[in-house]
Amino acid sequence: MRFILFCIAAFVLPFSSSPAQPLAPRTVAENVASLIEDNFFDETRAGTIAAEIRSASASGSWDGISEPLLLASALTEVIAPHDGHFRVTWSRPEGDTGGGAAGRRLYGFDDRIVRSGYGFRQTGILPGNIGYIDMVFFAHFDFDNPDGPAWASANAALALVSATDAVIIDLRDNGGGSPAMVGYLISAFTPPDAPIYNIFHSRSGTESEAPGVFHPAPRLDVPLYILTSARTASAAEALAYTLQAAGRATVVGEASAGGANPGTTFDAGNGFEVFISTGSPINAITGTNWEGSGVVPDIAVPSEEALRRGQLAALNAIAENGDPAFRLDREWARSALEPVPDIDQDLSTFVGDYGRAAITLDETGLLLRQGRRPVRRLVPVAPGLFRRAADPLQRYRILSDETGMVTALEILRSDGAVSRLRRD
């Protein structure tokens with residue numbers, strides 16, 4: 001038994017997906033009730049939920065609905081309170097050419113995976129040598145296929161941040177995915193075979209979320225931060241919850257969605273599908289899970305502030321034990337995350353030509369121009385001191401003589417390099 005996906009899956013059972021017939025809400029409701037009764041991980045609760053659906057259907061609750069999308073929403077409203085993953089959806093069955101484009105899928109889920117970098121939307125290095133991995137979902141892969149693109153993508157992302165002083169994993173826009181990816185990413189930051197993984201409980205038994213293959217070079221001491229929002233759900237929550245419970249990661253942002261129980265999608269006939277949780281995780285450390293409550297952040301901030309706060313926390317952490325050679329990297333990166341200071345200075349006095357460079361002024365502030373190179377916007381740091389807006393590790397200092405006359409422009413880098421351009 002293996003859970004393929006938390007939120008994003010397709011598993012077809014025998015109900016027909018023939019071209020659409022006239023909508024029969026009671027038939028759809030019975031199909032949904034039967035599927036839940038047969039497949040929901042908690043057999044007792046499954047019967048209760050199915051009975052609630054059948055009772056509402058028998059009373060005619062949905063008889064007046066003629067639009068399948070509205071019926072899907074109405075059924076979801078009834079079952080969603082019982083489990084964070086329950087939902088009914090509808091898409092136009094293959095072969096149904098009526099009704100225009102509404103509900104017709106133009107390409108499949110596999111295409112979405114490929115076109116989204118197997119979930120790795122962005123990977124890079126933030127100022128101060130902080131690794132950043134932005135994931136929008138967790139693609140599934142088979143541990144028996146080491147050349148699979150999803151696994152290769154995970155290894156590539158981890159390799160890119162392998163020399164950073166801290167790592168941020170951004171899950172604010174991640175709705176879930178595969179437990180295989182969850183387990184593998186956890187193993188990249190924890191000891192092999194650590195007793196920290198969730199155990200899935202289902203009608204057919206139990207199964208660990210531990211990966212089939214552990215990451216070969218886990219980073220056990222690198223400061224690790226995970227960003228969450230109310231959109232963070234399911235498998236994304238599993239990663240945050242497990243690493244937080246293990247004391248291995250600091251969670252920054254908002255409480256997550258609160259959908260713990262993995263499952264898959266079942267065909268309810270005539271274009272309708274229902275996602276049913278077929279298992280429930282129990283964390284090896286906490287003895288429970290995040291269903292309903294979500295993952296509670298260690299640093300609670302609005303989701304739009306989470307990246308900045310995560311960067312600040314990371315820079316503070318690495319400042320304590322970081323290499324002194326990179327002190328300015330950390331300090332300048334941190335300064336750029338603070339509000340821009342309100343400095344009373346006449347910017348027009350800095351305008352002029354400085355050898356191969358020129359400083360101009362517009363409504364946004366000072367601009368540095370160097371021939372055909374892209375124009376650089378300068379952000380004030382202190383009187384006569386500015387940073388490059390797009391790169392806080394480069395600064396510009398305006399030098400003046402004892403009379404206040406501007407004489408030169410210094411270009412400073414965080415590695416200590418300095419160059420000086422005399423004002424023409």
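So the sequence shown is numbered by full-length UniProt numbering: it starts at 1 and just counts up by one.
A virtual CB, placed ideally from N, CA and C, is assigned to each residue, including glycine.
These figures come from a predicted structure and were not determined experimentally.
With fewer than 16 other Cβ atoms inside 10 Å of its own Cβ, Ile-343 counts as exposed. The Cβ atoms of Ala-46 and Ile-36 sit closer than 8 Å to each other. By the Cβ-count criterion, Asp-170 is buried, with 16 or more other Cβ atoms from all chains shown falling within 10 Å of its own Cβ. Residue pairing by DSSP puts Pro-380 in a beta bridge opposite Phe-386.
For Asp-134, same chain residues with a beta-carbon under 6 Å away, outside a window of 5 residues either side, are Arg-121, Gln-122, Asp-170 in chain order.
By the C-beta criterion, the stretch 58–67 is judged not to be in contact with the stretch 79–87, since fewer than 3 inter-stretch pairs fall below 8 Å.
Under DSSP, Leu-227 shares a beta bridge with Asp-170, Val-252.
Where Leu-35 is concerned, the enclosing alpha helix (DSSP H) starts and stops at 25–39.
Along the stretch 106–161, the beta strand (DSSP E) occurs as fully enclosed runs of 3 or more residues at 120–126, 130–135, listed in sequence order. Judged by beta-carbon spacing, Asn-283 lies beyond the 8 Å limit of Thr-250, meaning their Cβ atoms are not closer than that value. Taking a cut-off of 8 Å for Cβ pairs, the stretch 124–131 and the stretch 314–328 touch, as three or more such pairs fall below it.
Looking only at Gln-244, Ala-58, Leu-69, the smallest Cα-Cα distance to Thr-286 is reached by Gln-244. DSSP, reduced to helix, strand and coil, places Tyr-396 within a strand of the structure shown.
Where Thr-265 is concerned, the enclosing beta strand (DSSP E) starts and stops at 263–269. Looking at the DSSP output, Gly-279 shares a beta bridge with Ser-202.
Under a 10 Å Cβ-count criterion, Gly-371 is classified as exposed, with fewer than 16 other Cβ atoms of the shown protein chains found around its own Cβ.
Residues of the same chain with their beta carbon placed closer than 6 Å to that of Asn-321 are lacking, with the five preceding and five following residues left out of the count. In the three-state reduction of the DSSP assignment, Arg-45 falls in the helix class, which pools H, G and I. Buried is the label assigned to Thr-232, since at least 16 other Cβ atoms lie within 10 Å of its Cβ.
Around the C-beta of Met-181, 16 or more other C-beta atoms lie within 10 Å, and the residue is accordingly described as buried. For Thr-242, the enclosing alpha helix (DSSP H) stretches over residues 235–245. Contact check for Ala-268 against Val-28 passes: the beta carbons are separated by less than 8 Å. Around the Cβ of Tyr-107, a 10 Å sphere holds fewer than 16 other Cβ atoms; the residue is exposed. A contact is defined here as three or more CB-CB pairs under 8 Å, and the stretch 164–178 meets this definition with respect to the stretch 214–234. The secondary-structure analysis by DSSP pairs Ile-359 across a beta bridge with Gly-352, Leu-368. The way I'd put it, the stretch 329–343 doesn't touch the stretch 189–203; fewer than three beta-carbon pairs between them come closer than 8 Å. Within the same chain, Cβ atoms closer than 6 Å to the Cβ of Ala-319 are found at Arg-330, the five residues on either side in sequence being excluded. In summary, Pro-25 is buried, with 16 or more beta-carbon neighbours lying within 10 Å of its beta-carbon over all protein chains present. Distances from the alpha-carbon of Asp-353 to those of His-140, Gly-176, Val-296, Thr-407 put Thr-407 closest. Annotation for Glu-410: the continuous beta strand (DSSP E) segment containing it runs 406–413.
When secondary structure is reduced to three states using DSSP, Ser-335 falls in the helix class.
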